[in-house]
Amino acid sequence: MVLSFASSRPKKHLTKDQNSCIVLVVGICCFLGALFVYTGSQDIYKLRTLIIGRCQVRSLNVKHTRYNYFPCWNITVIYENETKEDYVIESTGTRSDRWAWIQARKYQVNNTYSCYHSRNETSIIQWGWQWSRPRKLKAYTLFILGCILISITIVLLIMRRRFQKYTKTISPERDTQQQLQTLLNSNQQTMKSQEESSSIVVKPVSSWQNTETNI
884 MVLSFASSRP KKHLTKDQNS CIVLVVGICC FLGALFVYTG SQDIYKLRTL
934 IIGRCQVRSL NVKHTRYNYF PCWNITVIYE NETKEDYVIE STGTRSDRWA
984 WIQARKYQVN NTYSCYHSRN ETSIIQWGWQ WSRPRKLKAY TLFILGCILI
1034 SITIVLLIMR RRFQKYTKTI SPERDTQQQL QTLLNSNQQT MKSQEESSSI
1084 VVKPVSSWQN TETNI
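In my numbering, the protein residues as written are 884 to 1098.
Below, the structure is given as structure tokens:
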């Protein structure tokens, strides 16, 4: 009985561990897949709807928030023979004021650089002027990788569901096998105990008969 219960417990713990691992992997793949698909599709949309202008730097500064420093530039935008005053602010900040100023000085005052903006009248995703153009390779790589991760998530969910159905069908058979095993073990133990008790009773009788014959 002890052996049968001991053998059943690791199996239960094994299935629980497998289930928790599958849930963890599914959660990670789902989160990363959704994030990559969103970021990649956003960059792809930017690539298809952006406009290219020329921006002349009038002044540069560093914007300080609670945790980060963001380089920013006051610019004059030249687009379709029109000029407009605007600004550029870096989307990713840094915790170092010095490093933010180094980034800001990459674009010098009175110099003109290419800049990119969304089509305000048609774009679903609105974004201001920026120095860097969205990269096509990065956008499609993120989108495809996100689709792969979501596909892996779907496959893992299907496999988990099938595994749960399989364990539900197998568990009654295991219970019956365990019950039969326990019955067999108990019968063997009772038979052994009976044999031992009978041998203990027979031995004194035989010794008594031997003494009687000698007399």
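Using N, Cα and C, we set each Cβ at its ideal position, and we do this for glycine too.
Residue environment, residue i, which counts as buried when at least 16 other CB atoms sit within 10 Å
i: S903; result: exposed
i: Q1072; result: exposed
i: E973; result: buried
i: T1001; result: Checking the sequence shown, residue 1001 turns out to be Ser, not Thr. Its Cβ being crowded by 16 or more others within 10 Å, S1001 is buried.
i: D980; result: exposed
i: Q986; result: buried
i: L1020; result: exposed
i: F919; result: buried
i: L907; result: exposed
Proximity of residue i and residue j at Cβ, strictly below 8 Å
i: T959; j: Q939; result: yes
i: Y1023; j: R978; result: no
i: W1014; j: V945; result: no
i: G916; j: L1032; result: yes
i: I1027; j: K929; result: no
i: I905; j: R1043; result: yes
i: V992; j: L1025; result: no
Beta-bridge pairing of residue i - partner residues as DSSP gives them
i: C913; result: Per DSSP, none; premise fails for C913.
i: C904; result: According to DSSP, which records beta bridges pairwise, C904 is partnered with nothing at all.
i: P954; result: V945
i: I972; result: C955
i: Q1047; result: Q1047 pairs with nothing; no bridge assigned.
i: T1036; result: None; T1036 has no bridge partner.
i: T977; result: Y952
Contacts around residue i, its chain only, beta-carbon distance under 8 Å, and the 5 residues preceding and following it disregarded
i: N994; result: Q939, V940
Reduced DSSP secondary structure (H/G/I, E/B, other) of residue i
i: Y999; result: strand
i: R937; result: strand
i: I961; result: strand
i: K967; result: strand
i: Q991; result: coil
i: S1013; result: Looking at the sequence provided, one finds Gln at residue 1013 rather than Ser. If DSSP states are grouped into helix, strand and coil, Q1013 belongs with the strands.
i: I927; result: helix
Proximal residues to residue i (C-beta, below 7 Å), its chain only, five neighbours per side dropped
i: I935; result: S997, Y999
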